[in-house]
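Engineer: Here it is, the structure, as structure tokens.
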Amino acid sequence: MNGEFLNIIEQYKTNKDLIDKIRIYILNHLYMTDDITQYVTLFSDTAKLIGDDVGYALARGMLFWVYHGRDIELAHKYNQESLALYHKINDYSNKIGYLSILNNEFIYNNYTGTLHESYKVMCEAMQIAEKNKNINYYFVYSINGIYLLLDLGLYDKALEIINKLEANNLYLSDADKAIMKTLHIKINWYMRNKDICLKVVKELKEYNEAKHVLDDYIINAYMIEVLLINNNEEEAAQYVNDLICQINDKSTLSDGIDLGEAYLALGRYYLAINNTKEAFKYYKLIYPNYNNLLGTKLNALNEALGVF
Numbered sequence: 089m090n091g092e093f094l095n096i097i098e099q100y101k102t103n104k105d106l107i108d109k110i111r112i113y114i115l116n117h118l119y120m121t122d123d124i125t126q127y128v129t130l131f132s133d134t135a136k137l138i139g140d141d142v143g144y145a146l147a148r149g150m151l152f153w154v155y156h157g158r159d160i161e162l163a164h165k166y167n168q169e170s171l172a173l174y175h176k177i178n179d180y181s182n183k184i185g186y187l188s189i190l191n192n193e194f195i196y197n198n199y200t201g202t203l204h205e206s207y208k209v210m211c212e213a214m215q216i217a218e219k220n221k222n223i224n225y226y227f228v229y230s231i232n233g234i235y236l237l238l239d240l241g242l243y244d245k246a247l248e249i250i251n252k253l254e255a256n257n258l259y260l261s262d263a264d265k266a267i268m269k270t271l272h273i274k275i276n277w278y279m280r281n282k283d284i285c286l287k288v289v290k291e292l293k294e295y296n297e298a299k300h301v302l303d304d305y306i307i308n309a310y311m312i313e314v315l316l317i318n319n320n321e322e323e324a325a326q327y328v329n330d331l332i333c334q335i336n337d338k339s340t341l342s343d344g345i346d347l348g349e350a351y352l353a354l355g356r357y358y359l360a361i362n363n364t365k366e367a368f369k370y371y372k373l374i375y376p377n378y379n380n381l382l383g384t385k386l387n388a389l390n391e392a393l394g395v396f
């Protein structure tokens, strides 16, 4: 086991305030250390030994991070245990790690499609993050919340959240600002605000040419969808050709990249030009990673049912 971590644990025995340092250490080493479960177990055992209720609750929730990629139900079991432990602590909502555990719950509910539960978690988490002026968590929950609201068809509410974020974009990175533009496109696409979509997608294209924070295939996917609702299938076809070349050229893609957004754009294009055979091909490609499709799950499913 890493000496640095053992040293932190030794200090933690006399300084409970170090639990956030432990949380960050484990997060940073989650996929870099083969025996990360031993690290979490040591933290859990030490927290129990010194009577740190917050540390113990957090440690149980960390097992969600360990298991969610291979056994989501086991991961959720640990997270539920963690939540129950937090809820026994006075003023639990302001304790270190509670927002992380809520985020685990949000991930589980989204993955399993229990969107009404995701909505409850989102509302609780955003209220806590805003009250405590926790900018990072507020941004993360806002973005995830927008995806959820899109899936629920609550487009006005999603627009309200993104407008509030944009009013405070001083704290956002270049990549965050690009993501905000993609969300604006998604929201206005579903609201059929054609002119706004066209304006924002052009801004996104120019912004990405300057900042290079998104893969080109993502830009092309959004261009196709926006041109489709503007009834410009002819120009969309040019981006379709580029997009197909990009997703077929594996040398330009990162390993394990999720192409769900690209497949959805292509499915929508071929559906718009009444080529149901090609539309079926691309809608079908979405579903091995259906749960990774953000903000468009239910709409994509309904569209796909029309061609299956």
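In terms of the numbering used here, the sequence shown opens at residue 89 and continues consecutively.
Here a beta-carbon is modelled for each residue, glycine too, at the ideal position from N, C-alpha and C.
Which residues bound the alpha helix (DSSP H) around residue 206?
Structural biologist: Note, residue 206: alpha helix (DSSP H), 203-219.
Engineer: Taking all protein chains shown into account, do 16 or more other C-beta atoms lie within 10 angstroms of the C-beta of residue 344, making it buried, or fewer, making it exposed?
Structural biologist: Residue placement at residue 344 is flagged as unreliable, the pLDDT there being 47, under the threshold of 50; the coordinate-derived value follows with that caveat. With fewer than 16 Cβ atoms within 10 Å of its Cβ, residue 344 is classed as exposed.
Engineer: Helix, strand or coil for residue 397? Go by DSSP, reduced to three states.
Structural biologist: The question about residue 397 has no answer, for the chain in this structure spans 89 to 396.
Engineer: Measure how close the beta-carbons of residue 227 and residue 210 come, nearest whole angstrom, since I'm counting them as under 8 Å.
Structural biologist: Contact doesn't hold; Cβ gap of about 13 Å is too wide.
Engineer: Look at the alpha carbon of residue 300 and the alpha carbon of residue 221, and state the distance between them as a whole number of angstroms.
Structural biologist: Spanning the two alpha carbons is a distance of roughly 30 Å.
Engineer: When the Cα atoms are used, what is the spatial distance from residue 141 to residue 168?
Structural biologist: If you take the alpha carbons of residue 141 and residue 168, they lie about 15 Å apart.
Engineer: Rounded to whole angstroms, what is the Cα-Cα separation between residue 117 and residue 123?
Structural biologist: Whole-angstrom Cα-Cα distance: 10 Å.
Engineer: Who are the near neighbours of residue 292 in its chain, counting only those whose CB is closer than 6 Å to its CB and skipping five residues on each side?
Structural biologist: Here the set comprises 269.
Engineer: Nearest to residue 134 by alpha carbon, out of 165, 217, 204, 93?
Structural biologist: Of the listed residues, the one whose Cα sits closest to residue 134 is 93.
Engineer: According to DSSP, is residue 170 helix, strand or coil?
Structural biologist: In this structure, residue 170 counts as helix in the three-state DSSP scheme.
Engineer: Quick check: the Cα distance between residue 309 and residue 352, rounded to an integer number of angstroms?
Structural biologist: Distance between the alpha carbons of residue 309 and residue 352: 8 Å.
Engineer: Using the rule of at least 16 other Cβ atoms within 10 Å of the residue's Cβ for burial, across every protein chain shown, is residue 313 buried or exposed?
Structural biologist: Flag for residue 313 reads buried.
Engineer: May I have a chain-ordered list of the alpha helix (DSSP H) segments no shorter than 4 residues that lie completely inside the segment 275-319?
Structural biologist: Runs of the alpha helix (DSSP H) inside the segment 275-319: 282-299, 304-317.
Engineer: Whose C-alpha, out of 296, 297, 348, 360, is nearest the C-alpha of residue 324?
Structural biologist: Of 296, 297, 348, 360, the residue nearest in Cα terms is 360.
Engineer: When you compare only the Cα positions, how much space is there between residue 354 and residue 334?
Structural biologist: Using only the alpha carbons, I get a separation of about 12 Å.
Engineer: CA-CA distance, residue 229 and residue 191?
Structural biologist: Their backbone Cα atoms lie some 8 Å apart in a straight line.
Engineer: What do you get for residue 297, buried or exposed, if any count of 16 or more other CB atoms within 10 angstroms of its CB means buried?
Structural biologist: So residue 297 ends up on the exposed side.
Engineer: Using beta-carbon positions only, say whether residue 138 and residue 176 come within less than 8 Å of one another.
Structural biologist: Result no, Cβ atoms of residue 138 and residue 176 do not sit closer than 8 Å.
Engineer: Quick check on DSSP: helix, strand or coil for residue 108?
Structural biologist: Looking at residue 108 - three-state DSSP - the assignment turns out to be helix.
Engineer: Under three-state DSSP, which class holds residue 181?
Structural biologist: In the structure shown, residue 181 sits in a helix (DSSP, three-state: H, G or I).
Engineer: Quick one: give me the first and last residue of the alpha helix (DSSP H) that residue 360 is part of.
Structural biologist: Looking at the DSSP string, the run of the alpha helix (DSSP H) that includes residue 360 is 348-360.
Engineer: Could you spell out the range, first to last residue, of the alpha helix (DSSP H) harbouring residue 200?
Structural biologist: Its alpha helix (DSSP H) spans residues 186-200.
Engineer: Please state whether DSSP places residue 337 in a helix, a strand or coil.
Structural biologist: Coil, per DSSP.
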